[in-house]
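Structure record follows, encoded as C-alpha cells.
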Amino acid sequence: MTEPETKSIATATGRIAYREAGCGPALVCLHGLGGGARSWSQQLRGLSDRRRVIAWDTPGYGGSDDYPSKIPTPAHYADALVAMLDGIGVTGAFDLVGHSMGGAIAPQIVARHPGRVRRLVLSATRIAFANWGGYEERLKEHASMTPEEFGATRAKSMCSADAPVAARAAVAGIASELRAPGYAAAVHLLSVCNNEKELRALRLPVLVLAGAEDRIAPEAETAALTALVPGARREIIGHAAHAAYVEQPAAYNARLTAFLDP
C-alpha cells in the first residue's frame, strides 16, 4: 500500500488536513504532541482492510491551519475534530484512538458529542496533563533547537532504547516538522488539561494501551487512569516506550483489532 495522500477540508475554524485509507466502520486516530497524521502510517496500512482509518493533523500541525485562538482547550479541538468528520461524511458513530495529547482530547469528544464515539482507546495518556508541568521549558527547548535537533530529542524520549532504527527515524522526522504556533497552542492545551470528571463519566467500552518502557505516561499513570474509568481494561505492549504504535505496530494493531472487533 502506498502512503495515503494528505487531504483537507474547510471548517469554521480553518482548514483541517487528514489522511485516510480503507472502507468500513470509521476508526479515527488522534496523534500526540510530537506527532501528526503521518504518525499513524502503520495503522493506516495495517487496519485499512477492515476499516476506514482516518488520521488528522491537529490544528496547527502538518497541513492544518493554526487554530484561531492561541490558547485553545481540549474542548476546542474536540469540536474541531467532529466538524472535520461531519464535513467528510462521518456523521454517525465512530471508534476513536487518542494517543497522548490525542488521549487528552478524546474524553472531551465523548462528553461534548454524545453518541458519536462507539469504542474508545486511550493510548499512552494521562488523567491530567496539567499536573505534569515543565511546559515553559518545552517551549524554550523547541525555540532553541534546530528542527533536526528537536526531532532527535523527541525520538530519544518517545522511543525505547532498543527501538528499530526506522521507528526512531520516523518519530524524529515528524517531530522535526512541528510549527512553533501549533506546538505552542498544543502545549497550552495540555497545561490546562484535567479530564478526571470526563473520564469518570465514561459509559462505553474503553481500552487503555501503554508501552512497557514509557517514561512520559508511565505505568503508575496509566494504571490510575484505568482505575478511574468504569469497566476499562489496560494492556501493556512490551519492547516499546511512548511511541508504541510506531515501535511495535503489529502488536499495537492486534490489540486494537481485538478490542474494536470482538
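Residue numbers (our numbering): 116 to 377. For each residue, glycine too, the CB sits at the ideal point set by N, CA and C. This one's a predicted model, so the numbers in the text were calculated from it and none came from an experiment.
Assigned secondary structure, residue i (DSSP; H/G/I helix, E/B strand, else coil)
i      : result
Arg234 : strand
Asp194 : helix
Leu162 : coil
Arg167 : strand
Ile131 : strand
Ser184 : coil
Asp201 : helix
His354 : coil
His303 : helix
Ser291 : coil
Ser123 : strand
Val344 : coil
Leu314 : helix
Leu319 : coil
Leu324 : strand
Ala359 : helix
Ala136 : strand
Leu148 : coil
Residue environment, residue i, which counts as buried when at least 16 other CB atoms sit within 10 Å
i      : result
Pro345 : exposed
Asn310 : buried
Val280 : exposed
Thr128 : buried
Glu118 : exposed
Asp277 : exposed
Gly204 : exposed
Ala338 : exposed
Thr261 : exposed
Ser238 : buried
Arg167 : buried
Ser259 : exposed
Pro364 : buried
Ala316 : exposed
Arg318 : exposed
Ala125 : exposed
Neighbourhood of residue i by C-beta distance below 8 Å, restricted to the same chain and skipping five residues each side
i      : result
Cys308 : Thr188, Pro189, Ala219, Ala243, Phe244, Ala245
Lys185 : Pro296, Ala299, Ala300, His303
Leu314 : Pro222, Ile242, Leu340, Leu343, Val344
Tyr192 : Thr173, Pro174, Tyr182, Ile220, Gln223, Leu304
Spatial neighbours of residue i in its chain, beta-carbon cut-off 6 Å, leaving aside the 5 residues before and after
i      : result
Ala132 : Thr121, Ser123, Asp172, Gly177, Gly178, Ser179
Ser272 : none
Ala270 : Arg283, Val286, Ala287
Beta-bridge partners of residue i, as assigned by DSSP
i      : result
His214 : Ser238
Lys255 : The partner list for Lys255 (beta bridge, DSSP) is empty, contrary to what the question assumes.
Val143 : Ile169, Leu211
Arg349 : Val323
Cutoff 7 Å; reference residue i; Cβ partners in own chain excluding five residues on either side
i      : result
Cys274 : Ala282, Arg283, Val286, Ala356, Ala358, Glu362
Gly288 : Gly266
Ala366 : Ile352
Gly202 : Ile124, Thr126
Gly147 : His214, Ser215, Met216, Gly217
Open item on the list: Across the region 320-331 and the region 339-358, are there enough close Cβ pairs to call them in contact, namely three or more that are closer than 8 Å?
Closed with: yes
Open item on the list: Three Cβ pairs or more, each shorter than 8 Å: is that satisfied between the region 134-146 and the region 190-208?
Closed with: yes
TODO: Could you tell me whether the region 143-163 touches the region 175-186, using the rule of 3 or more Cβ pairs below 8 Å?
DONE: yes
Open item on the list: Within 8 Å, do at least three Cβ pairs link the region 248-258 to the region 228-240?
Closed with: no
Open item on the list: Under 8 Å, with one C-beta from each stretch per pair, do the region 358-377 and the region 157-174 reach the 3-pair mark?
Closed with: yes
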